[in-house]
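With our numbering applied, the sequence shown has no gaps in its numbers, which climb one by one up to 261 at the end. Idealized CB from N, CA, C, for every residue including glycine.
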Amino acid sequence: MAQVISVSNQKGGVGKTTTAVNLSAAIAAGEKTCLLIDCDPQGNATTGLGLDINTLSHGLYDLLMGTASLEDAISETQLPHLHLLGATRELIGAEVEMVSMASKEFLLRKIITELRARYDYIFIDCPPSLGFLTINALTASSSVLVPLQCEYYALEGLSKLLTTVKAIKKRLNPVLRRVDILLTMYDKRNNLSRQVEAEARALFNERVLETVIPRNVRLSEAPSYGKPIILYDIRSRGAQSYLSLAREILERKKAP
Ligand SMILES: Nc1ncnc2c1ncn2[C@@H]1O[C@H](COP(=O)(O)OP(=O)(O)O)[C@@H](O)[C@H]1O
Ligand SMILES: [Mg+2]
Numbered sequence: 006m007a008q009v010i011s012v013s014n015q016k017g018g019v020g021k022t023t024t025a026v027n028l029s030a031a032i033a034a035g036e037k038t039c040l041l042i043d044c045d046p047q048g049n050a051t052t053g054l055g056l057d058i059n060t061l062s063h064g065l066y067d068l069l070m071g072t073a074s075l076e077d078a079i080s081e082t083q084l085p086h087l088h089l090l091g092a093t094r095e096l097i098g099a100e101v102e103m104v105s106m107a108s109k110e111f112l113l114r115k116i117i118t119e120l121r122a123r124y125d126y127i128f129i130d131c132p133p134s135l136g137f138l139t140i141n142a143l144t145a146s147s148s149v150l151v152p153l154q155c156e157y158y159a160l161e162g163l164s165k166l167l168t169t170v171k172a173i174k175k176r177l178n179p180v181l182r183r184v185d186i187l188l189t190m191y192d193k194r195n196n197l198s199r200q201v202e203a204e205a206r207a208l209f210n211e212r213v214l215e216t217v218i219p220r221n222v223r224l225s226e227a228p229s230y231g232k233p234i235i236l237y238d239i240r241s242r243g244a245q246s247y248l249s250l251a252r253e254i255l256e257r258k259k260a261p
């Protein structure tokens, strides 16, 4: 049964999509079967894996509305062990349409229940908001991975996210087990990065993952080639850091 991990932070530009794409690709490269769900109407995870959100015929939206089969909605990617449930243009309207649907917080969980047996890991790339798509993602997840950009105001907004997670655990999803914090865009020559790291580790202790993702230009180039970093430049520091993160996540699963 798949572990379901939401990559979430209501701030934009903190490295959610970069993490969702590259972590799922790194885990898939180790021959664990992965599904990446693009839950952000911007569709950056979809394009980052080389699919076109304007021409993709089916995706998450169709499953939420019950108008396509799993087989039609799930796409293959350049990595044999990585599948994508992509964003199509219609996803932009989903939040509004979901509001009037029955069991509106559980729509994604229902879809994932049907998929869990097929994968080892399911990652959900969340939009930069705490709206209905994010609530659906958190309600369907076993854990949350929160990228924290090592910049000014990194920790701002984090308490709101943690409060939301707590409320969802209480009301909607008791199996939401853990929150992991990932430091992204780290620059070791920069004092500020070191300060953010020290502050995050002091406040959140073992919830901050050991692996830190450096700022690396190859990571920002890869999406324009429609490739995860391990297929674009495996030797880059960015690729190596996401491979380390994959190992840390896999190892942790073995721990009691
Ligand atoms: N570690 C990194 N090094 C350099 N650029 C990065 C890194 N992580 C993300 N980026 C770039 O920063 C921008 C925002 O990242 P993204 O993953 O799209 O954030 P989010 O999904 O949280 O909005 C993108 O242009 C991305 O390519
Ligand atoms: Mg994104």
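Relative to ligand 2, is the shortest distance from any of its heavy atoms to the C-beta of Thr-22 smaller than 7 Å? As a position in the sequence shown, residue 22 is number 17, starting the count at 1. With a threshold of 7 Å, the Cβ atom of Thr-22 counts as near ligand 2, since some heavy atom of the ligand is closer than that.
Runs of beta strand (DSSP E) lying entirely within the region 54-127, each at least 3 residues, in chain order: Every beta strand (DSSP E) of 3 residues or more that sits fully in the region 54-127 is shown, in chain order, as 79-81, 87-90.
Assign Gln-83 to one of two classes, buried (16 or more other C-beta atoms within 10 Å of its C-beta) or exposed (fewer than that). Here the question's residue 83 lines up with position 78 in the sequence shown. Label assigned to Gln-83: exposed.
Quick one: any contact between the region 143-162 and the region 32-40, if contact means 3 or more CB pairs under 8 Å? no
Selected residue, minimal CA-CA separation from Leu-63, among Cys-44, Ala-78, Ser-74: Here residue 63 is taken as the residue at index 58 of the sequence shown, counted from 1. First, the amino acid is wrong: residue 63 is His here, not Leu. The option with the nearest alpha carbon to His-63 is Ala-78.
For the putative contact between Asn-49 and Thr-22, defined by C-beta atoms under 8 Å, what is the C-beta separation to the nearest angstrom? Here residue 49 refers to the residue found at position 44 of the sequence shown. Here residue 22 refers to the residue found at position 17 of the sequence shown. Right, the Cβ-Cβ distance comes to about 4 Å (below 8 Å), so this counts as a contact.
For the alpha helix (DSSP H) that contains Val-26, what are its first and last residues? Position 21 of the sequence shown, counted from the first residue, corresponds to residue 26. Where Val-26 is concerned, the enclosing alpha helix (DSSP H) stretches over 21-34.
Please determine whether the Cβ atom of Met-106 lies at a distance below 7 Å from any heavy atom of ligand 1. As a working mapping, residue 106 is identified with position 101 in the sequence shown. Because no heavy atom of ligand 1 lies under 7 Å away, the Cβ of Met-106 does not count as near it: no.
Could you give the DSSP three-state label for Leu-157: helix, strand or coil? Position 152 of the sequence shown holds residue 157. Reading the sequence as shown, one finds Tyr at residue 157 and not Leu. Coil, per DSSP.
Start and end of the beta strand (DSSP E) containing Arg-182? In the sequence shown, residue 182 corresponds to position 177, counting from 1. Counting along the chain, Arg-182 sits inside no beta strand (DSSP E), nor does DSSP assign it H or E at all.
Check whether the region 200-214 and the region 169-181 are in contact - that is, three or more C-beta pairs closer than 8 Å. no
First and last residue of the alpha helix (DSSP H) that includes Gln-200? One-based indexing of the sequence shown puts residue 200 at position 195. Start and end: 196-209.
Is Asn-14 near ligand 2, judged by its Cβ being under 7 Å from some heavy atom? The residue labelled residue 14 in the question sits at position 9 within the sequence shown. Result no, Cβ not under 7 Å from ligand 2.
Leu-89: CB within 7 Å of a non-hydrogen atom of ligand 4: This structure does not include ligand 4; its bound ligands are ligand 1 and ligand 2.
Buried or exposed for Asn-221, going by 16 or more other Cβ atoms inside 10 Å? Numbered from 1 along the sequence shown, position 216 holds the residue referred to as residue 221. Asn-221 comes out buried.
Cβ-based neighbour list, Ile-218, same chain, cut-off 6 Å, excluding 5 preceding and 5 following: Counting from 1 along the sequence shown, the entry for residue 218 is found at position 213. Thr-189, Ser-246, listed in sequence order.
Range of the contiguous alpha helix (DSSP H) that encloses Leu-236: One-based indexing of the sequence shown puts residue 236 at position 231. Element bounds for Leu-236: 234-237.
Between which two residues does the beta strand (DSSP E) harbouring Thr-216 extend? On the sequence shown, position 211 is the one that residue 216 refers to. Residues 213-219.
Buried versus exposed call for Gly-91 [16 or more other C-beta atoms within 10 Å across all chains shown]: Along the sequence shown, read from residue 1 onward, the residue named residue 91 stands at position 86. Result: buried.
State the beta-bridge partners of Cys-39 as determined by DSSP. By 1-based counting over the sequence shown, the position of residue 39 is 34. Cys-39 is bridged to Leu-87, Tyr-126.
Roughly how many whole angstroms lie between the Cα atoms of Ile-116 and Met-106? Within the sequence shown, residue 116 is the residue found at index 111, counting from 1. Within the sequence shown, residue 106 is the residue found at index 101, counting from 1. Ile-116 and Met-106: Cα-Cα distance of roughly 15 Å.
Cβ-based neighbour list, Arg-123, same chain, cut-off 8 Å, excluding 5 preceding and 5 following: Along the sequence shown, one-based indexing puts residue 123 at 118. So the qualifying residues of the chain are Ala-7, Thr-38, Leu-40.
Please check the pair Leu-54 and Val-26, which I expect to be a contact at CB under 8 Å, by giving their CB distance rounded to whole angstroms. One-based indexing of the sequence shown puts residue 54 at position 49. One-based indexing of the sequence shown puts residue 26 at position 21. The beta-carbon distance between Leu-54 and Val-26, rounded to whole angstroms, is 6 Å. This is short enough to meet the 8 Å contact definition.
Can you pull the DSSP bridge partners for Val-170? Looking up residue 170 in the sequence shown gives position 165. Val-170 is not bridged by DSSP to any residue.
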